[in-house]
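Position 137, counted from 1, in the sequence shown is what the numbering used here calls 143; the numbers after and before it change by one each time, with no gaps.
Even glycine gets a Cβ: it sits at the ideal position worked out from N, Cα and C.
Quantities reported herein were computed from a predicted structural model and do not represent experimental measurements.
Input: a single structure, listed below in structure tokens.
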Amino acid sequence: MTGCLTDRLGRKKTFCWVVLLSVLSNLGTIMAPDHMTFTAARFLTAFGISTISTTSFMIVMEYTGPRNRTIVLCTWAASWTSCAAMLPWIAYALSNWRWLLCVPFLPASILLFVSWWVPESASWLMTKGQVSKAAELLHKVAEVNGKKISVLSTSTTASGSGKLRLQSMRRVQTAS
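Next comes the structure, spelled out in structure tokens:
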């Protein structure tokens, strides 16, 4: 389901909305007055967390060069594993289930503010025919990373949508 959302709305928009959903559902879980509300809020929280992890992973991997993907993937997996390993100790220290529910709420709240600065996926923009936006975004990414790129060619198809040659995107990823 989330793949359909990211393909239709875009990676960034889906990510921002799902982070908001996660924050609100976490808050609903913390303040739940009864078991049904708690269960519904936990269901939405699980949906939010799984979508956040897959969507953010997609965005990160799209902007990571092939040479660095292994280390980024290992760091990504290690961070989830480390957090899961720390959770029982946090639960023991807090000794209150309501306070324990605040643990995922705090990072999600921080992520809510950070998510607005996440760039849209350049490859998604290209698939939607927004070639100039994709090229502009790739130039910004290259500039931030201290690299220079040039768009090899932009062509227009019969339908009027442009196509950016993929070599320029590969050049940004491999130049590290």
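With a cutoff of 8 angstroms on beta-carbon distance, V124 and K18 are scored as near each other. For V78, same chain residues with a beta-carbon under 8 angstroms away, outside a window of 5 residues either side, are V66, M67 and T70 in chain order. Contact check for A47 against T61 fails: the beta carbons are separated by 8 angstroms or more. E149 and L143 have their C-alpha atoms spaced approximately 10 angstroms apart.
Per DSSP, reduced to three states, the secondary structure at A38 is coil, with no helix or strand assignment. Within the region 71 to 149, complete alpha helix (DSSP H) segments of at least 4 residues are found at 75 to 100, 103 to 120 and 128 to 133, given in chain order.
With at least 16 other beta carbons inside 10 angstroms of its own, G54 counts as buried. Residue A38 holds the alpha-carbon nearest to the alpha-carbon of L107 among T57, A38, L15 and T12.
Nearest neighbour of S121 by Cα position, chosen from R75, F49, S59 and T43, turns out to be S59.
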